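Asks: Numbering (our numbering), first residue to last: 55 to 341.
Even glycine gets a Cβ: it sits at the ideal position worked out from N, Cα and C.
This one's a predicted model, so the numbers in the text were calculated from it and none came from an experiment.
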Ligand SMILES: Cc1ncc(C[n+]2csc(CCOP(=O)(O)OP(=O)(O)O)c2C)c(N)n1
Ligand SMILES: [Mg+2]
């Protein structure tokens, strides 16, 4: 990957962060922490890897994204708007009555959403079924599955992983967002997942652990995962919940905070810095 492409992805990441923060500031609350920890991943997947057509969201032969940690919907909506699936104004309907952007993704409502998620655990089974379908069709397309570290508390996740590993179903790339926190505390305090990489390896996955906030590291890991032919593949992302919003990083209240004057001021400062970064680097190609 050349430097120019990398800068484009970093600008897209910045824009996803901007849109998440602006959207939640407008809404006055929302799932900030888990949205900001996957900004780089969504940027890299949509900006570089996914075979999609935003003008034809249901095209037959495409890649799929399943956001099993569905509460991070705002990050996915911001990404889809930047890719051109719908107008940015629609972001400012989040959680409204009859909105097409409910807080958790609904595939019947929003262009570009491939799976309805929000009840944690279930997206893993949906992604597994989609991947198995691709296998049966002998398709070369992929499913990208994003699971939370707290979500690993759900037994269903491990049933799906066992199936994926057994069938060497590497049509699905499993990403685990290891931000070390869940809804109301650290994963270690609430229900410790222990060593996630070791667990995935024990289940039979080829597993990598990478800095989830480095586009370069993500690209390297995804390329490597795609070269694995005879095993299921997982990538454990070392991330920070609420990454890029220092006031909320490492803060137990960062799952779905309310916005007040203090938070607004922090948000405005971050948005300005990110907008300057995009401007200084020649503006955003995707918007
Ligand atoms: C089946 C189910 N149980 C409980 C919840 C409530 N809930 C929403 S988010 C969350 C914590 C998820 O933590 P994690 O997967 O680590 O997400 P992240 O840190 O990325 O926000 C919980 C318990 C849910 N959505 N679904
Ligand atoms: Mg978490």
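Since residue 315 is in the alpha helix (DSSP H), which residue starts that stretch and which ends it?
Replies: For the purposes of this step, residue 315 is identified with residue 261 of the chain shown, where counting begins at 1. Where residue 315 is concerned, the enclosing alpha helix (DSSP H) stretches over 315-334.
Asks: Let me know if residue 236 comes out buried or exposed under the rule of 16 or more other beta-carbons within 10 Å of its beta-carbon.
Replies: In the chain shown, counting from the first residue as 1, residue 236 sits at position 182. Looking at its Cβ environment, which holds 16 or more other Cβ atoms inside 10 Å, residue 236 is buried.
Asks: Specify the secondary structure class of residue 293 as computed by DSSP and reduced to three states.
Replies: As a working mapping, residue 293 is identified with position 239 in the chain shown. If DSSP states are grouped into helix, strand and coil, residue 293 belongs with coil.
Asks: Classify residue 188: buried if its beta carbon has 16 or more other beta carbons within 10 angstroms, exposed otherwise.
Replies: Position 134 of the chain shown, counted from the start, is the residue given in the question as residue 188. Counting Cβ neighbours within 10 Å, residue 188 comes out buried, since at least 16 surround it.
Asks: How far does the alpha helix (DSSP H) with residue 74 in it extend, from its first residue to its last?
Replies: Residue mapping note: residue 74 aligns to position 20 of the chain shown, counting from 1. First-last of the alpha helix (DSSP H) with residue 74: 57-81.
Asks: Nearest by alpha-carbon distance to residue 159: which of 153, 149 and 171 is it?
Replies: Taking the first residue of the chain shown as 1, we reach residue 159 at position 105. Nearest of 153, 149 and 171 to residue 159, Cα basis: 171.
Asks: Locate the beta strand (DSSP E) running through residue 342, then write down its first and last residues.
Replies: The structure shown does not extend to residue 342, since the chain is modelled only from 55 to 341, so the question has no answer here.
Asks: Answer yes or no: the CB of residue 303 versus the heavy atoms of ligand 1, is any distance below 8 Å?
Replies: Here residue 303 corresponds to residue number 249 of the chain shown, with the count starting at 1. Residue 303 Cβ: outside cutoff for every heavy atom of ligand 1.
Asks: Looking at the strands, I want to know which residues DSSP matches up with residue 240.
Replies: Taking the first residue of the chain shown as position 1, residue 240 is located at position 186. According to DSSP, which records beta bridges pairwise, residue 240 is partnered with 235.
Asks: Does the distance from the C-beta atom of residue 86 to that of residue 296 stay below 9 Å?
Replies: Counted from its first residue, the chain shown places residue 86 at position 32. Counted from its first residue, the chain shown places residue 296 at position 242. It is a contact, given that the beta carbons lie within the stated cut-off.
Asks: Just the C-alpha distance for residue 341 and residue 136, rounded to the nearest angstrom, thanks.
Replies: Translated into the one-based positions of the chain shown, residue 341 becomes position 287. Translated into the one-based positions of the chain shown, residue 136 becomes position 82. Note on residue 341: pLDDT 47, under 50, position unreliable in the model; the coordinate value appears next. C-alpha separation (whole angstroms): 5 Å.
Asks: Locate the beta strand (DSSP E) running through residue 259, then write down its first and last residues.
Replies: Within the chain shown, numbered from 1, the residue matching residue 259 stands at position 205. Unbroken beta strand (DSSP E) run through residue 259: 259-265.
Asks: Is residue 235 near ligand 2, judged by its Cβ being under 8 Å from some heavy atom?
Replies: The count along the chain shown starts at 1 and reaches residue 235 at position 181. Checking the Cβ of residue 235 against ligand 2 gives yes.
Asks: Report yes if the C-beta of residue 267 is less than 8 Å from at least one heavy atom of ligand 1; otherwise report no.
Replies: Residue 267 sits at position 213 when you count from the first residue of the chain shown. For ligand 1, not one heavy atom lies less than 8 Å from the Cβ of residue 267.
Asks: Along the chain, where does the beta strand (DSSP E) that runs through residue 211 open and close?
Replies: Start at 1 with the first residue of the chain shown, and residue 211 comes out as number 157. Where residue 211 is concerned, there is no enclosing beta strand (DSSP E), although the alpha helix (DSSP H) it sits in stretches over 209-220.
Asks: I need the boundaries of the alpha helix (DSSP H) containing residue 180, first residue and last residue.
Replies: Here residue 180 refers to the residue found at position 126 when the chain shown is read from its first residue. Run containing residue 180: 176-190, per the alpha helix (DSSP H) assignment.
Asks: Rounding to the nearest angstrom, what Cα-Cα distance links residue 88 and residue 234 in this structure?
Replies: In the chain shown, residue 88 corresponds to position 34, counting from 1. In the chain shown, residue 234 corresponds to position 180, counting from 1. Whole-angstrom Cα-Cα distance: 11 Å.
Asks: Relative to the C-alpha of residue 285, which candidate in 215, 231 and 329 has its C-alpha closest?
Replies: Position 231 of the chain shown, counted from the first residue, corresponds to residue 285. Nearest C-alpha to residue 285: 215.
Asks: According to DSSP, simplified to helix, strand and coil, what is residue 298?
Replies: Along the chain shown, read from residue 1 onward, the residue named residue 298 stands at position 244. If DSSP states are grouped into helix, strand and coil, residue 298 belongs with coil.
Asks: Please check the pair residue 84 and residue 128, which I expect to be a contact at CB under 8 Å, by giving their CB distance rounded to whole angstroms.
Replies: Residue 84 sits at position 30 when you count from the first residue of the chain shown. Residue 128 sits at position 74 when you count from the first residue of the chain shown. Going by Cβ atoms, the distance from residue 84 to residue 128 rounds to 6 Å, so yes, they are a contact pair.
Asks: Roughly how many angstroms separate the alpha carbons of residue 79 and residue 321, rounded to a whole number?
Replies: The residue given as residue 79 occupies position 25 in the chain shown. The residue given as residue 321 occupies position 267 in the chain shown. For residue 79 and residue 321, the distance between alpha carbons rounds to 8 Å.
Asks: Could you check whether the Cβ of residue 292 sits closer than 8 Å to any heavy atom belonging to ligand 1?
Replies: Residue 292 sits at position 238 when you count from the first residue of the chain shown. No, the Cβ of residue 292 stays beyond 8 Å of every heavy atom of ligand 1.
Asks: Residue 156: buried (16+ other C-beta within 10 angstroms of its C-beta) or exposed?
Replies: The count along the chain shown starts at 1 and reaches residue 156 at position 102. Buried, by the Cβ-count rule.
Asks: Could you give the C-beta distance for residue 98 and residue 291, rounded to a whole number, given that I count them as a contact under 8 Å?
Replies: The residue you call residue 98 lines up with position 44 of the chain shown. The residue you call residue 291 lines up with position 237 of the chain shown. That pair is no contact at about 11 Å.
Asks: Using alpha carbons as the reference points, say which of 204, 92, 141 and 330 lies closest to residue 198.
Replies: Working through the chain shown from its first residue, we reach residue 198 at position 144. Answer by Cα proximity: 92.
Asks: Below 8 Å on the Cβ atoms is my contact criterion, and I expect residue 117 with residue 104 to pass it. Report the Cβ-Cβ distance as a whole number of Å.
Replies: Counting from 1 along the chain shown, the entry for residue 117 is found at position 63. Counting from 1 along the chain shown, the entry for residue 104 is found at position 50. That pair is a contact at about 4 Å.
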